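These notes concern the structure reproduced below.
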Amino acid sequence: MANGDHVVRGYFGLGDHESVVHVTSDKDFLLYIWARNVETSQGGVQILTPPSQFRGSGSTGPQDGLVLDVPAQTGMTLGCIGAQGGETLDVSNAFGARVTVFLTVTTAHGATVAMTSE
26 MANGDHVVRG YFGLGDHESV VHVTSDKDFL LYIWARNVET SQGGVQILTP PSQFRGSGST
86 GPQDGLVLDV PAQTGMTLGC IGAQGGETLD VSNAFGARVT VFLTVTTAHG ATVAMTSE
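Put into structure tokens, the structure is as follows:
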């Protein structure tokens, strides 16, 4: 990580206490996701973004979405997704599972980051 980057973390219980977390920054940012499926069955994390700058012919609609599976009673790193300043990334649980997530945002020094939950 470059010197001067701003790092912000969030910890949420999706499907238990929160249904969705909205992540935004006033500067370009990267969102790293670590998740643990506390269920004994299928579960995961759903990520919704504004439309990507490049999309396949089958991609339509106002948002792009991806569901990443997390095996039962397992924790794992789900990777990273980038966003432009002012965009909002929505993180929610998939398949109705209770999933605990650590969300880490890296962005420019001095940026304002928000993680709000419903």
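First residue of the sequence shown? That's 26 in my numbering, and the numbers climb one at a time after it.
C-beta: ideal position from N, C-alpha, C; glycine also.
All figures in this text were calculated on a predicted structure; none of them were measured in a lab.
- Below 8 angstroms, enough C-beta pairs join the region 98-112 and the region 55-62 to call them touching: three or more.
- For A122 and I72, the gap between their C-alpha atoms comes out near 15 angstroms.
- Following the DSSP letters along the chain, one finds D51 in no beta strand (DSSP E), marked with neither H nor E.
- The three-state secondary structure of G69, taken from DSSP, is strand.
- Excluding its 5 nearest sequence neighbours in each direction, V33 has C-beta neighbours in its own chain below 6 angstroms: V130 and V138, listed in chain order.
- Assignment of beta-bridge partners to G35 by DSSP yields L128.
- Assignment of beta-bridge partners to G100 by DSSP yields R61.
- Annotated three-state conformation of E43 is strand, per DSSP.
- Residue environment analysis places A97 among the exposed positions, since fewer than 16 neighbouring C-beta atoms fall within 10 angstroms of its C-beta.
- The C-alpha of G107 lies about 16 angstroms from the C-alpha of G35.
- Taking the Cα positions, N118 is about 30 angstroms away from H134.
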